[in-house]
Amino acid sequence: PSTIHRTDYTPPPFLIDTIELEFELEAERTTVTSKMQLRRNPQAAYCPELQLSGEALQLISLRLDGVACTNRQIDEAGLTVYDVPDAFELTIVNACEPASNTSLMGLYLSNGHFFTQCEAQGFRKITYFLDRPDVMARYTVILRANKAAYPILLSNGNLIEAGDLPNGKHYAKWHDPFAKPSYLFALVAGQLVALEERIITHSGAQKLLQVWVEAHDLDKTHHAMDALIHAIHWDEARFGLELDLERFMIVAVSDFNMGAMENKGLNIFNTKYVLANPQTATDSDYANIEAVVGHEYFHNWTGNRVTCRDWFQLSLKEGLTVFRDQEFSADMAAAGAVNAAAARASQRIENVRILQQVQFAEDAGPMAHPVRPESYVEINNFYTATVYEKGAEVVRMYQTLLGRDGFRQGMDLYFQRHDGQAVSCDDFRQAMAEANQRDLAQFEHWYSQLGTPYVLVRSQYDEAARTYTVTLAQHYKPVLNAPYTASAPLLIPFAIGLVDANGQDLALQLAGEGAPGTATRVLELNQAEQTFRFINVQTQPVPSLLRDFSAPVIVEYDYTDDELIFLLAHDSDPFNRWAAGQRLVTRTLLALARQAERTQLTGNQLNQSIIDAFGRILRDETLTPAFREQVLTLPTEIYLAEQMDQADPAAVHTARQYLRTQLANALSHDWSTIYARHQTPGPYQPTPADMGQRALKNLALSYLSNSKQSAHALHLAQTQYDRADNMSDRSAALAALIHLGGQPAQAALADFYQRFENEPLAIDKWFALQATQQRAEMDLIKLVRTLMHHPAFTLKNPNRVRALIFSFISGNPAQFHATNGSGYALWVEQVLALDTLNPQLAARLARLLERWRKFTPALREQMHEALETVLASVHSKDVREIIDKALI
Ligand code: BAL
Ligand code: ZN
464 PSTIHRTDYT PPPFLIDTIE LEFELEAERT TVTSKMQLRR NPQAAYCPEL QLSGEALQLI
524 SLRLDGVACT NRQIDEAGLT VYDVPDAFEL TIVNACEPAS NTSLMGLYLS NGHFFTQCEA
584 QGFRKITYFL DRPDVMARYT VILRANKAAY PILLSNGNLI EAGDLPNGKH YAKWHDPFAK
644 PSYLFALVAG QLVALEERII THSGAQKLLQ VWVEAHDLDK THHAMDALIH AIHWDEARFG
704 LELDLERFMI VAVSDFNMGA MENKGLNIFN TKYVLANPQT ATDSDYANIE AVVGHEYFHN
764 WTGNRVTCRD WFQLSLKEGL TVFRDQEFSA DMAAAGAVNA AAARASQRIE NVRILQQVQF
824 AEDAGPMAHP VRPESYVEIN NFYTATVYEK GAEVVRMYQT LLGRDGFRQG MDLYFQRHDG
884 QAVSCDDFRQ AMAEANQRDL AQFEHWYSQL GTPYVLVRSQ YDEAARTYTV TLAQHYKPVL
944 NAPYTASAPL LIPFAIGLVD ANGQDLALQL AGEGAPGTAT RVLELNQAEQ TFRFINVQTQ
1004 PVPSLLRDFS APVIVEYDYT DDELIFLLAH DSDPFNRWAA GQRLVTRTLL ALARQAERTQ
1064 LTGNQLNQSI IDAFGRILRD ETLTPAFREQ VLTLPTEIYL AEQMDQADPA AVHTARQYLR
1124 TQLANALSHD WSTIYARHQT PGPYQPTPAD MGQRALKNLA LSYLSNSKQS AHALHLAQTQ
1184 YDRADNMSDR SAALAALIHL GGQPAQAALA DFYQRFENEP LAIDKWFALQ ATQQRAEMDL
1244 IKLVRTLMHH PAFTLKNPNR VRALIFSFIS GNPAQFHATN GSGYALWVEQ VLALDTLNPQ
1304 LAARLARLLE RWRKFTPALR EQMHEALETV LASVHSKDVR EIIDKALI
């Protein structure tokens, strides 16, 4: 497979103005007729032949301007038509095979219904086309199918006509008035029902909103519909962006590689991000649905109206849209909360936690790439945390640097200039710069440089001069196997506060300034090293660094434990309060892990002041339950292993379990009190306040089940399981029961299965809870293998595979990395099994071993062998790219 390079971009030699598509939908073999109006692109170099992409297609006929055309060739990549005129009509008839398409790209079947997935390059599995995002055409689509089997026929845009046909068939004709790239095409056909709402948007236009599902799921669509309505209003209020179609549809599908897809006017969603009722969905499911519904809706402008010139610009739409969905979720949480700032901070903590756990690790491994990648073999491998989450942080930094109004002006100019175009990350930066009359040339490095920047902080207090000097130095650490390591100083917005001995923020005044200013200051670090001198500082402060995580960097500063305990208690910036706690606990856990590598962890090895500090947070009723839950949640084992020079999953597991038990026992009275106090009376409501209460209560239950009070915990868990009126409480109780083991666990697992046998998303939880249990005496590889033989398990459903196999590997690294290699053997088998079935999912699984060089020598060697084994038999370019990069 060849490598595609960003700098090789050339404009498309031809443009397609319109396309009329006709589908004869048959499961085994669908016939597609495509009539396109093409013309040479005046902006491109002359090319005599037309090359159309096509994969796994059978060409039936080809006509050029109505005449049969034989001057053409078909190969693995597609169809070439030689010596074409400057402007012409091309009519292609081809077939594809939806029923045997297990890749879930192109046209496929799920539960007997037809669905499509075209991003990034799935349209070429439907028909021959210029399948690239800078070719934007107007689509008219006619769907024909058996009416009884497929009563609902949907495509993008507006329904023009529909009617019956002979032989039990019917048809529907759709027209999308907006030119779009092929990756935004979609069709759906099946037995579906819809929840409908009509709304009026701010220009006074009436819109039809529909959430399409299978009939038995109709009661689980209300939350998604509410989220959609909120998202529509939010985008009007915050960015002045209005829904541009007469109707907007969401359709749920259970077999889906991604979370959801923003096809124009016809979003297709993984059921996991649509379906919710209190019995089947947890609080985090409710929150994720709101975020993903928002995300896909926001793409209508950031992605669809203005799209990407090429796939290297993916973050142009994804980073921006993640930023927008994060802001939406934060505003929604704040609107429903008593303490809006705290609600916003909790959202921010969740976003940053994912970045630190997933993206920082990606940035330090063989798949490290800039937010705007330089090259790829398979673009599907670049739907990454870097493009999405780091990309969102890059967008957030514009807002931090330019202010909210300045950012809005930049967005306005971006749409004014580029509506209807396929553009680049540079165009976005240019709009931000020009709308604010700022030179943002240096900001380009955030798009072009890979790796996580470090900011080394040194500080000095001069008591006599009453000055406090802060020196910031930015640098990268070498990235393992990174293809290139160029580095120029970045423009880093670095928010700082200084906290006095009483825990109060100082009003900050830099040398040269006439008067003290705000408590938080955004310093602009734009050189390799810079010094900032604060004046009129009466006593030595403790610095609160990178407040609200103002840039996606790692701060290096020698905080003492006491300083961290102080910030945990006093910092006015809630994000940094949480960050101080995490720093403290990570430091403690890493010391314990080092110790566990040498000797057994017994007795109380902990600094009492740390336990006291966490106890005070736990008891502090002025803090929201959601925040307390976040502070008391320990970093994951994967994150901790990543912080070691040589990852030792077993030692990390021992250390983390040890600290959990210590915190459980030392604070057991508090946990019991918390458990009793934070019940949520009344019917289930997914409000931020109730969600926070449940999160804290269920954390208490989890700690109690790790404490000496296991009989008490068993009683609580059993009662909670039996009485639960919602999935958050029931699944938390089940997790506690599984942890406590024995007959009650088996009984609850059996009950749960029976109760939710017909609810696939709940059964996913049943698999995941078993795969992520933390019981040292349990052979989880054996359990996972047994569960893989369960009749409800299938490799064909990505959610099920993620629930069992991915959950096990990421939730239980100590068992996965068993020294006998049994985890790696499982990995090899499953990567290869998925490789032919669903290459995209296989590549995701393959990535779980990419950090092999980071591990202790004994594990490293076995992981290397496992990678070589996969390489010897791999078929897909998706998996091959990952393994090749890992082995460089
Ligand atoms: N565009 C792929 C799915 C998403 O990011 O919304
Ligand atoms: Zn997206």
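Numbered according to the working numbering, the sequence shown terminates at residue 1351, and the numbering increases by one at each position without gaps.
For glycine and all other residues, C-beta sits at the position ideal for the given N, C-alpha and C.
Asked, Found
"Meets three-Cβ-pair contact criterion under 8 Å: the segment 1156-1169 and the segment 1188-1208", "yes"
"Residues bridged to M1190 (per DSSP)", "In the DSSP output, where bridge partners are listed per residue, M1190 has none listed."
"Given 8 Å, three or more beta-carbon pairs between the segment 797-811 and the segment 830-840", "no"
"Buried versus exposed, by CB contacts within 10 Å (16 or more), H1252", "exposed"
"T932 versus D1034: straight-line alpha-carbon distance, rounded", "20 Å"
"Presumed contact (8 Å Cβ cut-off) between L1095 and T1049, rounded CB distance", "14 Å between Cβ atoms; not a contact."
"Residue from I482, A550 and A531 whose Cα sits closest to the Cα of L513", "A550"
"Check whether R661 and E560 have beta carbons under 9 Å apart", "no"
"Beta carbon of D748 nearer than 9 Å to that of L1069", "no"
"Range of the contiguous beta strand (DSSP E) that encloses M499", "T493 to R503"
"Residue of L708, S1336 and Q905 minimising C-alpha distance to L988", "Q905"
"G757 beta carbon near the ligand ZN (any heavy atom closer than 8 Å)", "no"
"Cα-Cα separation between D794 and R1057, rounded to whole angstroms", "42 Å"
"Beta-carbon proximity of G728 to R701, cut-off 9 Å", "no"
"Y864 vs Q872 beta-carbon contact at 9 Å", "Looking at the sequence itself, residue 864 is Leu, so the reference to Tyr does not match. The answer is no: Cβ separation not under 9 Å."
"Beta-carbon proximity check, P1088 vs A1158, cutoff 9 Å", "yes"
"Heavy atom of the ligand ZN within 8 Å of G769 beta-carbon", "In the sequence as presented, Gly is not what sits at residue 769; that position holds Val. Incorrect: V769 has no Cβ contact closer than 8 Å to the ligand ZN."
"Minimum C-alpha distance to R984 - residue among Q822, H758, D528 and A958", "A958"
"Residues sharing a beta bridge with A723, DSSP", "F732"
"Limits of the beta strand (DSSP E) - the one that A827 falls within", "Here A827 belongs to no beta strand (DSSP E), and DSSP marks it neither H nor E."
"Check: H762 C-beta below 8 Å from any heavy atom of the ligand BAL", "yes"
"Limits of the unbroken beta strand (DSSP E) element including N751", "Taken as a continuous stretch (DSSP letters only), N751 belongs to no beta strand (DSSP E), being part of the alpha helix (DSSP H) at D746 to H762."
"Residue range of the unbroken beta strand (DSSP E) whose run includes V651", "L650 to G653"
"Nearest-angstrom Cα separation, counted from L478 out to A642", "12 Å"
"With 16 other Cβ atoms within 10 Å as the buried cut-off, status of N534", "exposed"
"I1101 to T1051 span [Cα, whole Å]", "16 Å"
"Assigned exposure category for L1307 - 16 Cβ within 10 Å defines buried", "It is Arg, not Leu, that sits at residue 1307 in the sequence shown. Burial call: buried."
"Short Cβ contact (9 Å threshold) for A796 with E759", "no"
"Close beta carbons around R1046, own chain, < 6 Å, minus the five adjacent residues each side", "L1027"
"Cβ-heavy atom distance, Y861 to the ligand ZN, below 8 Å", "no"
"Proximal residues to H938 (C-beta, below 6 Å), its chain only, five neighbours per side dropped", "Y917"
"Spatial distance of R1119 from T1065 (CA atoms)", "13 Å"
"Closer than 5 Å: residues whose CB approaches a heavy atom of the ligand ZN", "E781 and T784"
"Residue nearest to F732 in terms of C-alpha spacing, selected from N814, I1080 and M712", "M712"
"Any non-hydrogen atom of the ligand ATP within 8 Å of E790 CB", "What this structure holds is the ligand BAL and the ligand ZN, not the ligand ATP."
"Nearest-angstrom Cβ-Cβ length linking F577 and L488, presumed shorter than 8 Å", "6 Å"
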